[in-house]
Amino acid sequence: MNFTDVLSNAFRGAFGPEAAIYALAAVGLNLHFGFTGLLNFGHVGFMLVGAYGVAVSVSTWGLSLWVGLLVGIACSIVLALILGIPTLRLRGDYLAIATIAGAEVLRYFYRSDWAAPLTGGVYGLRQFANEFFALNPYSSDLALGPLYFSARNLWVMTAGWALVILASLLVYLLIRSPWGRVLRAIREDELAARSLGKNVYAYKMQSLVLGGVIGGIAGALIAIATQSVNPDNFNPAVTFYLWAIMILGGASTILGPIIGSMIFWFLATFLDSFLRNATASGVIPPDLLSGPDVGALRFVFVGLCLLLLMIYRPAGILGDPKELRLDVR
Amino acid sequence: MRPRLMAIVAAFFLLCLTGVGAASAALVGTPTTANRPAVLTAEGDQSLKGTLRGPDGKPLSGVTVTAEQNGTSVGSATSNAEGQWEVPLPSPGEYTLKLDLSTLPDGVQPRDKGGEVLEAVVVRPQQQRTVIFPLVSTSQQQQEKAGSVPQSTSGPTQAGDQNEPGATGESGEGTTPNRVLQLVVEGIKLGAIIAITAVGLSLIFGTTRLINFAHGEIVTIGAVVAFWVSTSPGSLPLVIGGLAAVVAGGLLGGGLEGGLWRPMRRRSTGLIQMFIISIGLSLFLRYLILVLFSGRREKYSQYALQPAMHLGPISITPRDLIVTLASFAILILVAVLLQRTRMGKAARAVADNKDLAEASGIDVDRVILSIWVIGGALAALGGVFYGLTQGAVYWDMGFNLLLLMFAGVILGGLGSAYGAMIGSIIVGLVSQLSNLWFPPSLQNAWALLVLIIVLLVRPQGILGRAERAG
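These protein sequence lines are chains A and B, in that order.
For reference, each letter of the first sequence is one residue, going 8 to 336 in the numbering used here.
For reference, each letter of the second sequence is one residue, going 321 to 790 in the numbering used here.
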């Protein structure tokens, strides 16, 4: 057992590219659920179209990466409109099923033989973000004691956390604007907001589009960071990760998604690294737990996390239990 | 739950399961171990292997299979007397597999045109991947084409991974009446299985307003329990396995209600909160199954290979026929229970108006508990049926089915048991009939699109009460 390794891995997880990207996506989801009360369980759909917007533009159409990013954003706006028009009039739980179904339909289409000429089907697309890495200002890797980041990851992290801060700042300003107050009014009591003459449907749609765009950018960032997209990486489990992150940190708080993502990835990588270390060094007998099982245990942990948080602390670490009353209608 | 009711339910499950067993055994003579090829190489290296069988189910020997990578041959093998072949591979990667047509016996040919070449077969490190070349006799090709089920028989199939290319089968073959009929039968079969799992989901929603996201995991647990029992050292008959699954599903359902949901209701937890809890529970259970069961796709060893019966233009295996009939019988039984027994009436009363039911002396908690038990048992049985007809038991099968269940339940009207039945069968039909025009890899997508369209047009569903849904 090497505890320095396990701990340094866990810290790398807390600050690494994944934590930044999931924090960004969770900021979008927080705008949906935390501030507007929309039960969006298809957030991964926005990430999917954002990622493929970049990948298809560059790999298939030969456009520049930055045009691809715009295409990705445009795709998330279109998706938000398509998803929102039928579902935003529905009660919360219907919306949840409709969004998860919508995201799955998207995944099926992107991986189908039909779309394969564009999206590469089940194999996805690769090597389309060289333009991004060509801009990398870091020339050497960073080593802080046992903590080690490659120059590539440093660049992705810089971009990722910068975007997280920008998006959080945007949400912070918006929520304090009259527009944001209407959103929160809708979350608290939709009928009251409606009876005050607010066009609830339009507000919900604007929130869905804005949060979706943030999700789309997060998806694009995943595609860029890994230089690859594959439809099956955008499965419903990603959405559940985001929910766990958001609720852990505290829905309807500005810092919640950021803190949540850091803690979540710290714990997830810690668990992962600990179990791998323990099986490798024989502390846990290998026939009790093998490599693939460790990956699965992470999800067991996420599920348990979501379950226990919702039972015992639905407002999360930062949230105010009075701020967010979770109920239908 | 009332003992008499319990006895009826138990007797009926037993009857259905023995029905499957007896009829299938009578028709085929239990081909149990014949389809397990012996391991030909040592563990640790990658290879591609398979067993070649002719249209009559007999093994084909002396057929040459060649593996190529980037256009150069990396190895070949000739099938032995049992029809088994195995090509050892130098490294993991993507291979093209070719069947030498000239070595095939006369009158046998690949089912699909060009089916002798399988491209882009991905082999992972240390994987002995099984590949199937579907073969038919030259004369009956047309008939077989109409009869083949895309999702379960065509293309290279691989243990432990449903997300494979090539497993797409045929599409765009035009709409001959025979094919339409065949797909209708497939659709009804799938729909009936969805229906028995979805009835519980809908009733639970009707009585407690909870959308139970973890319902799919009860389905998987049912299938897995039946697999474990039927392949355990004693290798008990699958019928016993099915019974064990039903018991496990019922216990799990009852346990969740008593241990989790009732206390949550007592704390007056919000519905959205409970919904998210059920999502966490679903995730927790699903990946726990993955750890315990592993990511492989397993087959029930019994009733695995059956020749199809041809009833006029339709071909169906005895196993699937019995499963479909049993599913319908169970649906009718559920309907009778709901209409005729005290418990059924009480359940409908609670679903209609909980407070009024409670005020008129119905023990609401007991009603809800029995609905959870019955719903769990039905879901687990549905899992066994789904595993049987799909030919595979795997860790996220229930989750795959869950979205179709939601589609069926919402289409029929959330909370209504009969709506769930009708909606599920429509969903089954839609997903199968879409194969007429679209690739089978998209069949679930169409079913989910139906869900979204229903929400747009008639959110309360076909039989739902027109209450405010938005």
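Quick reminder that beta carbons are idealized off the backbone N, C-alpha and C, glycines included.
Predicted, not measured: the structure shown is a model, and the values here were computed from it.
Skipping 5 residues on each side, what residues in its chain have a beta carbon closer than 6 Å to that of B:G748?
As a position in the second sequence, residue 748 of chain B is number 428, starting the count at 1. Here the set comprises G507, L510, G511, I514.
Which of the three DSSP states, helix, strand or coil, is assigned to B:R587?
Counting from one through the second sequence, the residue named residue 587 of chain B turns up at place 267. Reduced to three states, the DSSP call for B:R587 is coil.
Helix or strand or just coil, what does DSSP make of A:P24?
For the purposes of this step, residue 24 of chain A is taken as the residue at position 17 of the first sequence. Here A:P24 sits in helix by DSSP.
Using beta carbons (cut-off 9 Å, strictly below), is B:T450 in contact with chain A?
Taking the second sequence and counting its residues from 1, the one referred to as residue 450 of chain B is at position 130. No, its Cβ sits nowhere closer than 9 Å to a Cβ of chain A.
If contact means a Cβ-Cβ distance below 7 Å, which residues of the region 521-535 of chain B contact chain A?
Residues of the region 521-535 of chain B with a Cβ closer than 7 Å to any Cβ of chain A, in chain order: I531.
DSSP three-state label for B:R449, please.
What you label residue 449 of chain B is simply residue 129 of the second sequence in a count that begins at 1. Of the three classes helix, strand and coil, the one that applies to B:R449 here is strand, per DSSP.
Could you tell me which residues DSSP pairs with A:F6 in its beta bridges?
Residue 6 of chain A is absent from the structure shown; chain A starts at 8 and stops at 336.
Are there 16 or more other CB atoms within 10 angstroms of the CB of A:G289, so buried, or fewer, so exposed?
Here residue 289 of chain A refers to the residue found at position 282 of the first sequence. Around the beta carbon of A:G289, a 10 Å sphere encloses fewer than 16 other beta carbons of the protein chains shown; the residue is thus reported as exposed.
Quick one: give me the first and last residue of the beta strand (DSSP E) that B:A440 is part of.
Taking the first residue of the second sequence as position 1, residue 440 of chain B is located at position 120. Annotation for B:A440: the continuous beta strand (DSSP E) segment containing it runs 437-443.
Pick helix, strand or coil for A:A192, following the three-state DSSP scheme.
As a working mapping, residue 192 of chain A is identified with position 185 in the first sequence. Helix.
Cβ of B:Q389 within 8 Å of any heavy atom in the ligand GTP?
Inclusion of the ligand GTP in the displayed structure is not the case, the ligand content being empty and no account of it being possible.
Have a look at A:L36, A:L316, A:V74 and flag the residue whose alpha-carbon is nearest the alpha-carbon of B:S598.
Locating residue 598 of chain B in the second sequence gives position 278, counting from the first residue. Of the listed residues, the one whose Cα sits closest to B:S598 is A:L316.
Does DSSP classify B:A387 as helix, strand or coil?
Translated into positions along the second sequence, residue 387 of chain B becomes position 67. It is a strand residue.
Inspect the CB distances between the region 568-577 of chain B and the region 695-707 of chain B and report whether three or more fall short of 8 Å.
Taking a contact to require three or more Cβ pairs closer than 8 Å, the region 568-577 of chain B and the region 695-707 of chain B qualify as touching.
What residue does the beta strand (DSSP E) around A:E138 start on, and which one ends it?
In the first sequence, residue 138 of chain A corresponds to position 131, counting from 1. The continuous stretches of beta strand (DSSP E) do not include A:E138, which lies in the alpha helix (DSSP H) extending over residues 137-141.
Of the choices A:L325, A:A26, A:Y319, whose alpha-carbon is the least far from that of A:G167?
Numbered from its first residue, the first sequence carries residue 167 of chain A at position 160. Checked all of A:L325, A:A26, A:Y319; the closest Cα to A:G167 is A:A26.
Helix, strand or coil at A:V290 [DSSP, three-state]:
Mapped onto the first sequence, residue 290 of chain A falls at position 283. A:V290 falls in the coil class under three-state DSSP.
Are A:V129 and A:N237 touching if we call contact CB-CB under 9 Å?
Stepping through the first sequence from its first residue, residue 129 of chain A is reached at position 122. Stepping through the first sequence from its first residue, residue 237 of chain A is reached at position 230. Cβ distance < 9 Å, so A:V129 and A:N237 count as in contact.
For B:R529, which residues of its own chain have a beta-carbon under 6 Å away from its beta-carbon, when the five flanking residues on both sides are left out?
Taking the second sequence and counting its residues from 1, one reaches residue 529 of chain B at position 209. So the list reads L591, once near-sequence residues are dropped.
Quick one: is B:Y607 near chain A, going by C-beta distance under 9 Å?
Residue numbering aside, residue 607 of chain B sits at position 287 when the second sequence is read from its first letter. Closer than 9 Å to the CB of B:Y607 there is at least one CB belonging to chain A.
Does DSSP put B:V348 in a helix, a strand or coil?
Stepping through the second sequence from its first residue, residue 348 of chain B is reached at position 28. Low confidence applies here, because B:V348 scores a pLDDT of 39, under 50, leaving its location unreliable; read the following figure in that light. Judged by DSSP in its simplified three-state form, B:V348 adopts helix.
Does the pairing of the region 599-606 of chain B with the region 522-539 of chain B give three or more beta-carbon distances under 8 Å?
Contact between the region 599-606 of chain B and the region 522-539 of chain B is present, because at least three Cβ pairs lie under 8 Å.
If I'm right that B:L768 touches B:A727 with Cβ under 8 Å, what's the distance once you round it to whole angstroms?
For the purposes of this step, residue 768 of chain B is taken as residue 448 along the second sequence, with counting starting at 1. For the purposes of this step, residue 727 of chain B is taken as residue 407 along the second sequence, with counting starting at 1. Contact between B:L768 and B:A727 holds, with the beta-carbon distance rounding to 6 Å and staying under 8 Å.
Between B:I516 and the rest of its own chain, which residues show a CB-CB distance below 6 Å, the 5 nearest in sequence each way excluded?
Counted from its first residue, the second sequence places residue 516 of chain B at position 196. Taken in chain order, the residues that qualify are S647, I650, L698, G702.
If you pair each beta-carbon of the region 101-110 of chain A with each one of the region 216-236 of chain A, do three or more pairs fall below 8 Å?
By the criterion of at least three beta-carbon pairs nearer than 8 Å, the region 101-110 of chain A is not in contact with the region 216-236 of chain A.
Using a Cβ cut-off of 7 Å, pull out every chain B residue sitting near A:M317, in sequence order please.
As a first step, residue 317 of chain A must be located in the first sequence, where it is residue number 310. Close partners of A:M317 in chain B (Cβ separation under 7 Å): Q593, I596, I597, G600.
Give a yes or no on whether the minimum CB-CB distance between B:L768 and chain A is below 9 Å.
Taking the second sequence and counting its residues from 1, the one referred to as residue 768 of chain B is at position 448. Yes - at least one Cβ of chain A is within 9 Å of the one on B:L768.
Using a beta-carbon distance below 9 Å, is B:T416 in contact with chain A?
Counted from its first residue, the second sequence places residue 416 of chain B at position 96. By this cut-off, B:T416 is not an interface position.
Are the CB atoms of B:G718 and B:T551 nearer to each other than 9 Å?
Working through the second sequence from its first residue, we reach residue 718 of chain B at position 398. Working through the second sequence from its first residue, we reach residue 551 of chain B at position 231. With contacts defined by Cβ atoms closer than 9 Å, B:G718 and B:T551 do not form a contacting pair.
Below 8 Å, can you find three or more Cβ-Cβ pairs linking the region 248-256 of chain A to the region 113-127 of chain A?
Segments in contact, no.
How is A:P185 classed by DSSP in three states: helix, strand or coil?
For the purposes of this step, residue 185 of chain A is taken as residue 178 along the first sequence, with counting starting at 1. Helix.
In or out: B:Q593 buried (at least 16 other Cβ within 10 Å) or exposed?
Working through the second sequence from its first residue, we reach residue 593 of chain B at position 273. Classification for B:Q593: buried.
B:P759 to B:V611 span [Cα, whole Å]:
By 1-based counting over the second sequence, the position of residue 759 of chain B is 439. By 1-based counting over the second sequence, the position of residue 611 of chain B is 291. Roughly 32 Å between the two C-alpha positions.
B:A543, buried or exposed, once every other Cβ within 10 Å from all chains shown has been counted against 16
To locate residue 543 of chain B, count along the second sequence from 1; it is residue 223. It is buried - the Cβ of B:A543 has at least 16 other Cβ atoms within 10 Å.
Taking the alpha helix (DSSP H) that B:L563 belongs to, which residues open and close that run?
Here the question's residue 563 of chain B lines up with position 243 in the second sequence. Residues 558-576.
Does DSSP classify B:T540 as helix, strand or coil?
Here residue 540 of chain B corresponds to residue number 220 of the second sequence, with the count starting at 1. Correct three-state label for B:T540: helix.
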